[in-house]
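When we follow my numbering, the leftmost residue of the sequence shown carries the number -5, and every step to the right adds one. Idealized CB from N, CA, C, for every residue including glycine. Since the structure comes first, as structure tokens, the remarks are kept for the end.
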Amino acid sequence: MPRIERTPKRRVNLLRRQGIAEVDWTDATLLRKFVSDRGKIRSRRVTGLTPRQQRQVATAIKNAREMALLPYPSQGR
């Protein structure tokens, strides 16, 4: 039986689809899509963002955490 190779599914770039050029830390509803349920920032592999967009999102999430709009990562165990 021949082995079937699966091609990985391309992630959709959420920012490009919504037409967002600059990420703002005040938009908590958008930023929540890039944070896991435990409060961790999702990786580029998961989000499908470009490196520049990922840096913008990470900085915006960190600023939003400082302003208490988003949670900090919860402790494991």
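Using three-state DSSP, classify residue i as helix, strand or coil.
i	result
residue 35	strand
residue 57	helix
residue 22	helix
residue 62	coil
residue 51	helix
residue 4	coil
Judging by CA-CA distance, which residue of the options is the nearest neighbour of residue i?
i	options	result
residue 4	43, 51, 28 and 64	43
residue 54	-1, 39, 29 and 6	29
residue 48	-5, 68 and 36	36
residue 67	31, 61 and 1	31
residue 58	52, 45, 19 and 24	19
Can you pull the DSSP bridge partners for residue i?
i	result
residue 29	35
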